[in-house]
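Sequence order for the protein chains is L and U. Position 72 (the first sequence) corresponds to 129 in the numbering used here; numbering is contiguous. Position 71 (the second sequence) corresponds to 1167 in the numbering used here; numbering is contiguous. Yeah, the Cβ is synthetic: ideal placement off N, Cα and C, and Gly gets one too. Each remark here refers to the structure printed beneath this line.
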Amino acid sequence: QQQVKQSPQSLIVQKGGISIINCAYENTAFDYFPWYQQFPGKGPALLIAIRPDVSEKKEGRFTISFNKSAKQFSLHIMDSQPGDSATYFCAASIEGGATNKLIFGTGTLLAVQP
Amino acid sequence: GAGVSQSPRYKVAKRGQDVALRCDPISGHVSLFWYQQALGQGPEFLTYFQNEAQLDKSGLPSDRFFAERPEGSVSTLKIQRTQQEDSAVYLCASSLQDPNYGYTFGSGTRLTVV
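Written out as structure tokens, the structure is:
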């Protein structure tokens, strides 16, 4: 049962453009929504995270937008650079839960063309 | 070390062989997680330790999978009688007791069962 749906599967953006990746979740108990970046041969690395008490969080060129009523959240990468080319995963967890295990989306392969 | 260390990086096993994958978490990290990442997919939760206690093993796909963390630091994931469907990257992650700061993942062990 896939609890976090991610789209698109792949994305090509020109250098300097905006990359947008979307995720939707089903479990309303989720209260922590991180985004991870993964380069080939490496483990995922935490990029930015949001909790449902805010609708937007910005860190540098990366912004998360969160819509609690729609159960959707998205990652925006402004001024995309070739070094941003990687696979991006959204995830969700229940912070007060027993394990804080993350439920990941299926990933978006981003290619930023120079 | 500064990061989560996993060994071996690559493992080729003949179907039916037993394998053992090692994870050395960041010093002082109480929580340790194992995830399985199939090709082109997001990581999927396997099991969770808090110190030496295995608090959640709900993600282990069968009784052929076994994990331990006897002294609350290094962890081993063991797969008995490997099958082709076990081929994946096995990721270990650790975090402080409060995972609000996010997990730190290792680079994983790529297991190929032939």
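So residue i packs on residue j, CB below 8 Å; how close in whole Å?
i                  : j                  : result
Asp259 of chain L  : Ile151 of chain L  : The question about residue 259 of chain L has no answer here: the residues shown for chain L are numbered 58 through 171.
Phe1129 of chain U : Tyr1186 of chain U : Not confirmed; about 11 Å, so no contact.
Phe130 of chain L  : Phe90 of chain L   : 5 Å
Glu1148 of chain U : Pro1166 of chain U : 6 Å
Val1126 of chain U : Leu1192 of chain U : 7 Å
Gly1112 of chain U : Arg1177 of chain U : 6 Å
Gln95 of chain L   : Gly162 of chain L  : Contact doesn't hold; Cβ gap of about 12 Å is too wide.
Please list, in chain order, the chain U residues whose beta carbon lies closer than 7 Å to that of residue i.
i                 : result
Leu68 of chain L  : The premise fails here: Leu68 of chain L is roughly 15 Å from chain U at the closest Cβ pair, so nothing lies under 7 Å.
Ala155 of chain L : Leu1151, Asp1152
Thr163 of chain L : Gln1137, Gly1138
With distance defined between alpha-carbon atoms, name the residue in the options nearest to residue i.
i                  : options                                    : result
Cys80 of chain L   : L:Ala168, L:Tyr145, L:Gln95                : L:Tyr145
Pro171 of chain L  : L:Asp136, L:Thr165, L:Glu83                : L:Asp136
Asp1120 of chain U : U:Val1108, U:Val1209, U:Ser1101, U:Leu1173 : U:Ser1101
Glu1181 of chain U : U:Leu1192, U:Ser1190, U:Glu1164, U:Leu1135 : U:Leu1135
Asp1159 of chain U : U:Arg1165, U:Pro1166, U:Glu1140, U:Gln1179 : U:Gln1179
His133 of chain L  : L:Ile160, L:Ile121, L:Phe96                : L:Ile121
Ser112 of chain L  : L:Ala148, L:Leu159, L:Lys125               : L:Lys125
Ser1183 of chain U : U:Ile1122, U:Asp1114, U:Ala1098            : U:Asp1114
Gly1204 of chain U : U:Val1170, U:Ser1127, U:Lys1110, U:Arg1118 : U:Arg1118
Ile107 of chain L  : L:Lys115, L:Gly100, L:Pro101               : L:Lys115
Phe1145 of chain U : L:Gln95, L:Gln60, L:Ala155, L:Lys99        : L:Ala155
Tyr93 of chain L   : U:Glu1164, U:Ser1127, U:Gly1138            : U:Gly1138
Tyr1131 of chain U : U:Val1209, U:Ser1171, U:Arg1177            : U:Ser1171
Gly100 of chain L  : U:Gly1099, U:Val1209, U:Thr1208            : U:Gly1099
Phe123 of chain L  : L:Ala148, L:Leu103, L:Gly117               : L:Ala148
Ser1154 of chain U : L:Phe96, L:Ile78, L:Gln95, L:Leu159        : L:Leu159
Looking only at its chain, what residues have a beta carbon closer than 7 Å to the beta carbon of residue i, apart from the 5 residues adjacent to it on each side?
i                  : result
Asn157 of chain L  : Ser150
Gln58 of chain L   : Caution applies to Gln58 of chain L, whose pLDDT of 49 falls short of 50 and renders its modelled position unreliable; the value that the coordinates give is listed next. Cβ within range, chain order: n/a, list empty.
Ile69 of chain L   : Ala168, Gln170
Leu1156 of chain U : Leu1142, Thr1143
Pro1104 of chain U : Thr1205
Lys1110 of chain U : Val1210
Gln71 of chain L   : Gln170
Applying a beta-carbon distance threshold of less than 9 Å, which residues of chain U neighbour residue i?
i                 : result
Phe123 of chain L : Chain U residues near Phe123 of chain L: none, gap ~17 Å exceeds 9 Å.
By Cβ distance below 6 Å, which residues in the same chain neighbour residue i in space, the five residues on each side in sequence not counted?
i                  : result
Gly164 of chain L  : Thr144, Phe146
Tyr1106 of chain U : Arg1206
Phe1162 of chain U : Lys1174
Ser67 of chain L   : Leu166
Phe1201 of chain U : Leu1187, Ala1189
Gly140 of chain L  : none
Gly73 of chain L   : Asp136
Ala1116 of chain U : Thr1172, Lys1174
Leu1151 of chain U : Tyr1144
Ile78 of chain L   : Leu132, Tyr145, Thr165
Name the chain L residues that come within less than 7 Å of residue i, Cβ to Cβ?
i                  : result
Phe1161 of chain U : Neighbours of Phe1161 of chain U on chain L: none; closest Cβ ~16 Å, over 7 Å.
Gly1202 of chain U : Gly100
For residue i, go through chain U and note every residue whose CB falls closer than 8 Å to its CB, in chain order.
i                 : result
Lys158 of chain L : Phe1129, Phe1141, Tyr1144, Asp1152, Gly1155
Please list, in chain order, all residues of the same chain as residue i whose beta carbon is under 8 Å from its beta carbon, the five residues on each side excluded.
i                 : result
Lys128 of chain L : Ala81, Tyr82, Glu83, Thr85
Ser142 of chain L : Leu167, Ala168, Val169
Please list the partners that residue i has in chain L, where partner means a Cβ-to-Cβ separation under 8 Å.
i                  : result
Gly1198 of chain U : Pro91, Leu103, Ala106
CB of residue i to nearest heavy atom of the ligand SAH: below 7 Å?
i                : result
Gln71 of chain L : For the structure depicted, the ligand SAH is absent and the ligand set is empty, with no information on it obtainable.
task: Name, going along the chain, the residues of the region 97-108 of chain L whose beta-carbon falls closer than 8 Å to a beta-carbon of chain U.
output: Within the region 97-108 of chain L, the residues whose Cβ lies closer than 8 Å to any Cβ of chain U are, in chain order, Gly98, Lys99, Gly100, Pro101, Ala102, Leu103, Ala106.
- request: Closer than 7 Å, Cβ to Cβ, to anything on chain U: give me those residues from the region 65-95 of chain L, in chain order.
  value: For chain U, the residues of the region 65-95 of chain L that bring a beta carbon within less than 7 Å of one of its beta carbons are Pro91, in chain order.
task: Compile a chain-ordered list of the residues in the region 125-146 of chain L whose CB is closer than 8 Å to at least one CB of chain U.
output: Phe146
- request: Give, in chain order, every residue of the region 1179-1190 of chain U whose Cβ lies closer than 9 Å to some Cβ of chain L.
  value: If the cut-off is 9 Å between Cβ atoms, the region 1179-1190 of chain U has Val1185, Leu1187, Cys1188, Ala1189 near chain L.
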